[in-house]
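In our numbering, the protein residues as written are 631 to 704.
Below is one structure; the comments refer to it alone.
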């Protein structure tokens, strides 16, 4: 299963409601690789489209957790 494809499809659907940043962080510790994904969600004012307001930040350990959360949000 290609998680990145489904994540992109869901993010496109959510772009009607929210503006977001998807950040993927990779860290290494004692020879092991750790992967964290951070989704930062913003809302724009209805009156002033130029002004962006912070909404929330959600962190995930893997792409599967992100995919499940995005399905809930849609």
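Just so it is clear, CB atoms sit at the ideal spot from N, CA and C, and this is done for glycine as well.
DSSP links residue 653 through a beta bridge to 668.
Comparing C-alpha distances from residue 690 to each of 668, 634, 651, 642 shows the shortest one belongs to 668. Look at residue 673 here: in three-state DSSP terms it is strand. Note on residue 700: 16 or more other CB atoms within 10 angstroms of its CB, so buried under the neighbour-count rule. As the crow flies, the alpha-carbon of residue 697 is around 28 Å from that of residue 676.
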